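Numbering (mature numbering (1 follows the signal peptide of the UniProt record, and there is no 0)), first residue to last: -22 to -1, 1 to 250.
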Amino acid sequence: MKGLKKIALATAVAAAPFAAQADLKALDDTTMGNVTGQAGVTIELETEVSIGEFRYTDEGYLAVNDISIGGGSVERDANGAVTGVSGMLDDLVIDIDVEADGDAFIDVHSISGAPIDFAMAVGSASLNATDGSGDSTLLASNIGIEGNLGLLNIRVDTATDNLIMNVGFNVTDMDMDVDFLGVNVRDLTVYGATYFESGGPVDAASMFAQAQITVGKGTSAATGGDALEITIPQFVADIGVGAVEIGGESIGSFRVDNLAVTNTTMKVYGHQ
């Protein structure tokens, strides 16, 4: 399904208002619309992103190295090691509106009307000690993901103080080496929940896995304190794995038909 690779990896960027003098007054979205003849802001975007290292430190640290985000396909050298992506993340439009009720609404879609292709490459992810021992564990390496985004919109709801995101996407090809287990995953795909039944991506329901995600402030049942609450009312997908390799040889292929994750709530907070 290489020809279907049109997705989106979207980053919505909000700008800050300026208030430098007492006699200056910020114009709201509707007022700006009366002045300019339109309401809201549209951003056409094309970009390619590379990150040398992302590091999360607790006592030891998790390091994710050689991250590339763009479009096209994942590039590899003769030994199969990922080296980057072949193109830019493009054909991308971001519409930003502040509605009359105060809600901020961000819609990400393509200029052409086709799904937006994306590619992401990660060189390695490892756990590392900081106690002077020099110990480390290579969790995974040579991670390559290619896919398409069919839907992405984000609403900041002033009535509930929640961020609500609707997303429809697929993964047309994913390969990775899970080094610390000695397992390689090849040709992993994620499509809509009717993909296997339809025999392929024939419509939106079969082409794109779909989810709604709500993010806001919650309360921990264990501590009674504030927590980041993430709610997923429903996520549905068909998932296939072309091959799982152990010892360099495939042990077979796998698939998960009609995966449905429903009524899921996570509360995330720190601990001592």
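Built from N, CA and C at the ideal position, the CB exists for glycine as well.
It should be emphasised that the depicted structure is a prediction, and the values quoted were computed from it without experimental measurement.
Shortest alpha-carbon distance to residue i belongs to which of the options?
i    : options                : result
F213 : A187, I21, H249        : A187
I142 : I210, N120, V161, T242 : I210
A189 : Y247, V168, L40, E53   : V168
Q250 : D36, G101, V76         : D36
L130 : V71, E77, S111         : V71
E24  : L67, R33, V60          : L67
G233 : F96, E175, T201        : Here the sequence assigns Arg to residue 233, which means Gly is not the residue at that position. For R233, the nearest C-alpha among the options comes from E175.
G58  : G122, G30, G110        : G122
A238 : G230, D216, G226, V222 : D216
S102 : T20, S119, G91, D109   : S119
F146 : G203, I132, A17, M152  : One detail in the question is off: residue 146 reads as Gly in this sequence, not Phe. Closest option to G146, Cα to Cα, is I132.
L166 : A200, V149, P179       : V149
D151 : K195, D95, A171, I191  : D95
Which term fits residue i, buried or exposed, when burial requires 16 or more other beta carbons within 10 angstroms of its beta carbon?
i           : result
G80         : exposed
N126        : buried
H87         : buried
A107        : exposed
residue 306 : Residue 306 lies beyond the residue range present for the chain, which begins at -22 and ends at 250; the question has no answer from this structure.
Y173        : buried
G15         : The predicted model places G15 with a pLDDT of 48, which falls under 50 and marks its position as unreliable, so this point remains unresolved.
V100        : buried
A78         : exposed
E22         : exposed
M185        : buried
D109        : exposed
E124        : buried
May I ask you to report which of helix, strand or coil DSSP gives residue i?
i    : result
S111 : coil
T135 : According to the sequence displayed, residue 135 carries Asp and not Thr. Strand at D135.
S228 : strand
S176 : helix
Y169 : strand
P211 : strand
I217 : strand
G128 : strand
A92  : coil
G122 : strand
G248 : coil
*Fully enclosed by the region 10 to 87, which beta strand (DSSP E) runs are 3 residues long or longer?*
Taking only runs of at least 3 residues, the beta strand (DSSP E) segments lying wholly in the region 10 to 87 are 19 to 25, 27 to 35, 39 to 54, 60 to 65, 67 to 76.
*Is the number of C-beta pairs between the region 153 to 160 and the region 127 to 143 that are closer than 8 Å three or more?*
No, they do not touch.
*Could you name each continuous alpha helix (DSSP H) segment of 4 residues or more that falls completely within the region 181 to 207, going from the start of the chain to the end?*
Counting whole runs of 4 or more residues, the region 181 to 207 contains the alpha helix (DSSP H) stretches 182 to 185.
*Which runs of the alpha helix (DSSP H) spanning at least 4 residues fall entirely within the region 136 to 163, listed in chain order?*
Runs of the alpha helix (DSSP H) lying entirely within the region 136 to 163 and spanning at least 4 residues: none are present.
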